[in-house]
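A.B. asks: If you scroll down you'll find the structure; I have some questions about it.
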Amino acid sequence: WLGWKNNMEGYVSTIRHLDLAQHLRGFATNVAGYQPLGTMCPSYDWCLEGAHPGDPCCADPCHLTTQWDPSQNEHNYALHLRKA
1250 WLGWKNNMEG YVSTIRHLDL AQHLRGFATN VAGYQPLGTM CPSYDWCLEG AHPGDPCCAD
1310 PCHLTTQWDP SQNEHNYALH LRKA
């Protein structure tokens, strides 16, 4: 799943290697564990390991960050796609 940094970086590398970027029209983002849209965090791993529990961007009703999923909401998933 592209929500994890190593998977996302590998995917982006493959797209670049195959020279397919010009054929991509976008990404679906409603894939973050069926959680609410949420608020974007300042960095990729901002909420992991219980860091910043009071920050609204770390809201995690499905407890995805306990499964090492840093893309626990749609805004963070889109942030991670953009930064990859």
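Just so we're aligned: the sequence shown equals residues 1250 to 1333 in the numbering used here. We put the CB at the ideal spot given by N, CA and C, even for glycine.
To which residues of the same chain is threonine 1314 closer than 6 Å at the C-beta, ignoring the five residues directly before and after it?
C.D. replies: Cys1296, Leu1297, Gln1321
A.B. asks: Helix, strand or coil for serine 1292, going by three-state DSSP, please let me know.
C.D. replies: coil
A.B. asks: Given a threshold of 16 other Cβ atoms within 10 Å of its Cβ, counted over all protein chains shown, does glutamine 1284 qualify as buried or as exposed?
C.D. replies: Under this definition glutamine 1284 is a buried residue.
A.B. asks: Would you call proline 1305 buried or exposed, if buried means 16 or more other Cβ atoms sit within 10 Å of its Cβ?
C.D. replies: exposed
A.B. asks: According to DSSP, is serine 1262 part of a helix, a strand, or is it coil?
C.D. replies: helix
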